[in-house]
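Chains as they are written, first to last, in my numbering: chain A, 1 to 337; chain B, 1 to 337; chain C, 1 to 337; chain D, 1 to 337.
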């Protein structure tokens, strides 16, 4: 309550709390009265007392997510396993591949290079969310087919994005991990559908989503009984314009405390330039990330999409090796080839 | 190019520009060389020279949107007309109603009050995007039915949100204006579907969307031949936590310069408190908005959703009257009852 | 405390609270324990329990400012009066003038125009904080002299910026109101000095200062016994780059609730363009601002500093008249000529 | 220029460019005309054409800083050396010590521990900028004396903050490196004074300062002939509230490209919690930082200021050792004890 709130205002708040079936708990200081509302989370959140007479502000105490919280698994960490590749807990995994599947040769060549360097999974987009309706929107089903071929040849599990609930059936035929892009982080109908597929999900943080909102979005997936969610930080929007986004690496220790879910960092989209991707990848591994998802291309200058941020295939083995050294300092096991 | 870029680096950039079918245009200062790439927008944007040797930075000159641009209509402004209610150009429209359709009595009572006070349209949500999967998600089809009834009784056109492409048919049976929420501003498949319905669209700006991105999102709708888009500013995410969002009213004169589309302000979600909604509504009208979309409730304390920010029905007529006075100072015609 | 915090962890927190001389107050829900620390503000804030074992997070309940708070004056609003010009409470004041004092003719001409149109005070910078050390830094003492002359001719009180504690004596000889710029909002030694002068202060909000920090900065002035502080919102830094800063008009009703101090809006620096200054000024008045501080120039294209955002003198009378009409709708008295 | 700009508007811009003594350079595409203004930096920046008729927007091409730019030293990196301790280029330096000098025992004990673990310099505040005027403001001259004693005992050079131009003489008697705090990054009179001392400067980035602004602030120091500036990223303000600030590690590779000055990271203030300081320090080293400045305390729970973020002395040696391993992967030499 505000300083100088009247008894009547205090009573009104207490009554309101009891009206929704909760218990009010008064705590009187010299200057202020604090009123606790104890009871069921949803009832408490239905109080609607913001801006009511004498009320200063409301502070939610219970976290709004349950299944995603570290407490839910009593401190045990979730490890996601796909075809023997593990991400989470002690296990560090490198997910690499082209931004977009552009053609057969490109996809297979990149897949071979990343497989040889010890990547855990292959990434590649068949459906691309593009800011402009005039930009290339992905090869669609044909792209999925090429990913399937790359998987057969290299054995790498596939991570690919789903944008439209109507493409679920096509995508899960090929995808081992379904990626939900940053722009769809709060597309709740898509999250629920993906939850129902039971497939592992890589959920990207929205450009301006708080960690709480990211965890709430994961809760939409978890609630459907799908416990295999990886949280992915890929850069947030700030006032700084030197880079495309500001990579928020403090999210790594913070999410590790809040949740049991594995944390994967995408350094490519924030950096926007390949020479900044290396330092940011090492930084993420040093900070304790469970994995990295990075863009690689055999001919970056010819890439249809986001070429400037793709690592060239010829530098990839060295990159992976450096990453391994740093992840080990941070206490992780990195699968080797 | 960077200071001290070599001739070879300059040549590489020029070659690359010519390779994609554009013309390079050199401009040499004492310290720097600037290279212009002249040609088709999409070709220019495929250059991928960020971070290339000697390149300092790239500056896009052409706006990425076409149909949404003020130039496209040669300075003429779009006026959206629904059942004789006009928003845009000289016409100011007030859209009001409950956040969520909760029941028959609530919906009809609010509808009558806002109709009597001269509102142009009735807003109300049947499908609600909620941060928590455990929160009330709207009455769905039953909510749409109640909106239909309110429309029949008051004659007010209906503005309601669509979240899922699979609900298009149900929603367009009732909606006169389809609302796309902030979280779905970059749900491109939804935007294209809505474009194909031909219904007027109220497109909310994402929490961290730039004006350019908002206009690009509108372009997804316009591209389908649907020219009736209203742009809606509803608060952006900043570091300030005193309010839920920071209402960005500079967007009004800026969007007016960039685009021909009408601009509507939602003061309720940013303020988060009803006593701050009034001042922000007047401010929006004073700044030249074409309309306001505001939440109203007959019993705000009992509202299922966002009660603290709803204007109570008993204050609505005064609110509408003040708004009218300010809109007139800003040079707008406001329909009266 | 976190879910599952042990008894030992709870005891540690309680002991720590008692150690600093406060009282601990336990409140036990089904899932969580909340511990209140009741006692002196400074003792409570010295607890240092962030990140301690079992602690989830700390929520400060007492506002950190006292003298600036609305409660301190029991709801009465501060009105600042300078030579019969009043700002605050019911009184709306327009402060206008050039960004920088460039010369005699410019200063006097602008002063006459704004005086004729009913401005309450004349603004003008003699010391200019510039991002670049190579930019014009103001005329200094000579600039102050010209402001003095303008004051003698028009009778307008002078608002001018102080940047360096060593210039206090020079500035207060001329200034009726001392302006503290946004970049110096947390220059605490300057704030204390200004407090000691007893002169009214116009304190600009830092580019990324929260309202709480702005009020804490004002507290540095008030603490010296100087109660005449005007709070000035001038745009905050966000991700949006269409304008120089995002003008945060929700600060008006929010500051009005938190504090008794008058609120003045500077629309010029955020807009950065004169055609956007008008709409933003009207918006500020409509939202209940107590005053506007705006840049005016007789030859904007020739201005040394910030010409593009200066209103030309020939449009000023109309601008002032429109502002008056809107301020009246918002319930303010505007002094007329 | 805008699409559809008239010939007259183009001519006006060309004339204006020539009026200020620059050369105009037209480049005509199918839709747009781009006009280059070639000439002296300051003349170009005095154009004032924002918002002029037909003008779409202005793009500055020349960087506003000269002495801080990487080009100024033709790619050679600045190495700052104090008593044989080097930071910059290949040299990684660890600066550690208490937030505030609280007393003799605390200061000496922390100094010994960090010296033993191989720290390059000792940090400690005698003057503290505090958000609240009621908080402890530092021991002042007595604090400086204690730092002097710690230096004599351990041989560590001293890094300490200067806030007020009137304290310069006192501070430089003890300080080997003068720290300018984030809140004073744009306190230009202070920067110039510090520049004139010739002492190395550790310049902290403001909470919402862009990298360009940080470099411009360093330019104020460099311009006085003082070339020993370290740039320090310490967290920026964003919408995320889980941590105090968002540590922006992309600043490391970006500043390395823009400037020759060494880059030091302060992980303590952003994290706000000691268990997050370790991961962020390793991340900074992995990303290529030239140094870390970190807070250490012998009894963190009793610290007067920022205790929760201080590393306890007993963990410091391990921390320093891990940091060394990561810095080596990133290609740095770390001085050992």
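From the three backbone atoms N, C-alpha and C, an ideal C-beta is built for every residue, glycine too.
Cβ neighbours of residue 108 (chain C) in the same chain (closer than 6 Å, five flanking residues each side left out): Excluding sequence neighbours, residue 108 (chain C) sits near 150.
What is the C-beta distance between residue 218 (chain A) and residue 69 (chain A), in whole angstroms, given that I count them as a contact (C-beta under 8 Å)? Not quite, the Cβ-Cβ distance comes to about 10 Å (not below 8 Å), so this is no contact.
Among all the DSSP beta bridges, which residues are the ones paired with residue 204 (chain D)? In the DSSP output, where bridge partners are listed per residue, residue 204 (chain D) has D:232.
Residue 112 (chain D) lies in the beta strand (DSSP E); which residues open and close that run? Not the beta strand (DSSP E): residue 112 (chain D) falls in the alpha helix (DSSP H), residues 104–116.
Does any residue of chain C have a CB that is nearer than 8 Å to the CB of residue 280 (chain B)? So, interface residue.
Residues sharing a beta bridge with residue 86 (chain D), DSSP: In DSSP, residue 86 (chain D) forms a bridge with D:81.
Which residues, in order along the stretch 227–253 of chain A, keep a beta-carbon less than 9 Å from a beta-carbon of chain D? So the list reads 235, 236, 237, 238, 239, 240, 241, 242, 243, 245, 246, 247, 248, 249, 250, 251, 252 and 253, given in the order they occur along the chain.
Who are the Cβ neighbours of residue 5 (chain B) in its own chain at under 7 Å, not counting the five residues just before and after it? Excluding positions up to five away in sequence, the list reads 33 and 54.
Could you check if residue 5 (chain B) belongs to the surroundings of the ligand GDP, using beta carbon to heavy atom distance under 7 Å? Ligands displayed in this structure: none; no statement on the ligand GDP is therefore possible.
Going straight from the alpha carbon of residue 323 (chain A) to that of residue 236 (chain B), what length do you get? The straight-line gap from Cα to Cα measures roughly 37 Å.
List the residues of chain C that residue 220 (chain D) touches, going by C-beta distances under 7 Å, in chain order. Near residue 220 (chain D) (Cβ distances below 7 Å), the residues of chain C are 133.
Inspect the beta-carbon positions of residue 281 (chain C) and residue 309 (chain C) and report whether they are closer than 8 Å. With contacts defined by Cβ atoms closer than 8 Å, residue 281 (chain C) and residue 309 (chain C) do not form a contacting pair.
8 Å contact criterion, which residue 348 (chain A) and residue 124 (chain A) should meet: CB distance rounded: Given a span of 1 to 337 for chain A in the structure shown, any question on residue 348 (chain A) remains unanswerable.
How many whole angstroms separate the CB atoms of residue 313 (chain A) and residue 159 (chain A), which I take to be in contact at a CB cut-off of 8 Å? About 18 Å separates the beta carbon of residue 313 (chain A) from that of residue 159 (chain A), a gap too long to meet the 8 Å contact definition.
Status (buried if at least 16 other CB within 10 Å, exposed otherwise) for residue 66 (chain A): Around the beta carbon of residue 66 (chain A), a 10 Å sphere encloses 16 or more other beta carbons of the protein chains shown; the residue is thus reported as buried.
Look up residue 92 (chain B) in the DSSP assignment and say whether it is helix, strand or coil. Looking at residue 92 (chain B) - three-state DSSP - the assignment turns out to be strand.
Determine contact between the stretch 39–48 of chain A and the stretch 15–24 of chain A, defined as no fewer than three beta-carbon pairs at a distance below 8 Å. Judged by Cβ distances under 8 Å, the stretch 39–48 of chain A makes contact with the stretch 15–24 of chain A, as three or more pairs qualify.
What does residue 303 (chain B) reach in chain A if we use C-beta pairs closer than 8 Å? For residue 303 (chain B), the residues of chain A that pass the 8 Å Cβ criterion are 48, in the order they occur in the chain.
Inside the stretch 145–210 of chain C only - alpha helix (DSSP H) runs reaching at least 4 residues: Fully enclosed alpha helix (DSSP H) runs of 4 or longer: 168–174 and 188–197.
Please work out which residues of its chain come closer than 7 Å, Cβ to Cβ, to residue 273 (chain A), disregarding the five sequence neighbours upstream and downstream, and give them in chain order. Result list for residue 273 (chain A): 308 and 309, in chain order.
Could you tell me whether the stretch 215–231 of chain D touches the stretch 186–197 of chain D, using the rule of 3 or more Cβ pairs below 8 Å? The stretch 215–231 of chain D, when compared against the stretch 186–197 of chain D, does touch it at the 8 Å Cβ threshold.
So which residues of chain D does residue 2 (chain B) contact, with C-beta pairs closer than 8 Å? Residues of chain D passing the Cβ test: 71.
Less than 7 Å between C-beta atoms, sequence neighbours within five positions excluded: which residues of the same chain meet that for residue 44 (chain D)? Cβ neighbours of residue 44 (chain D) within its own chain (closer than 7 Å, five residues either side excluded): 22 and 37.
Compare the C-alpha of residue 208 (chain A) against each of A:220, A:246, A:242 and A:178 and name the closest. Here the closest residue by C-alpha is A:246.
Looking at C-alpha atoms only, which residue of A:15, A:62 and A:30 is the closest neighbour of residue 29 (chain C)? Relative to the Cα of residue 29 (chain C), the nearest Cα in the group A:15, A:62 and A:30 belongs to A:62.
Those runs of the beta strand (DSSP E) which lie wholly inside the stretch 234–298 of chain A and span at least 3 residues: For the stretch 234–298 of chain A, the full-length beta strand (DSSP E) segments reaching 3 residues or more read 263–265 and 291–297 along the chain.
Look at the alpha carbon of residue 189 (chain D) and the alpha carbon of residue 163 (chain C), and state the distance between them as a whole number of angstroms. Near 8 Å, if we compare the C-alpha coordinates of residue 163 (chain C) and residue 189 (chain D).
Measuring only the C-alpha atoms, how far is residue 284 (chain C) from residue 232 (chain C)? The straight-line gap from Cα to Cα measures roughly 12 Å.
Simplified DSSP state of residue 334 (chain C), which is helix, strand or coil: Three-state result, residue 334 (chain C): strand.
For residue 86 (chain C) versus residue 80 (chain C), is the C-beta distance shorter than 8 Å? Contact check for residue 86 (chain C) against residue 80 (chain C) passes: the beta carbons are separated by less than 8 Å.
Got a sec, what are the start and stop residues for the alpha helix (DSSP H) residue 45 (chain D) sits in? Unbroken alpha helix (DSSP H) run through residue 45 (chain D): 41–45.
Per DSSP, what kind of secondary structure is residue 60 (chain B) in: helix, strand or coil? In the structure shown, residue 60 (chain B) sits in coil (DSSP, three-state: anything other than H, G, I, E or B).
Determine whether the Cβ of residue 27 (chain B) lies closer than 8 Å to any Cβ atom of chain D. Yes, contact with chain D.
Can you tell me whether residue 169 (chain C) is buried or exposed? The criterion is at least 16 other CB atoms within 10 Å of its CB, across all chains shown. By the beta-carbon neighbour count (other beta carbons within 10 angstroms, threshold 16), residue 169 (chain C) is exposed.
Closest Cβ-Cβ distance between residue 10 (chain B) and chain D: below 8 Å? Using a Cβ-Cβ cut-off of 8 Å, residue 10 (chain B) does not count as an interface residue toward chain D, since no Cβ of chain D sits closer than that to its own.
Partners in chain B for residue 288 (chain C), counting only beta-carbon separations shorter than 7 Å: Correct list: 279.
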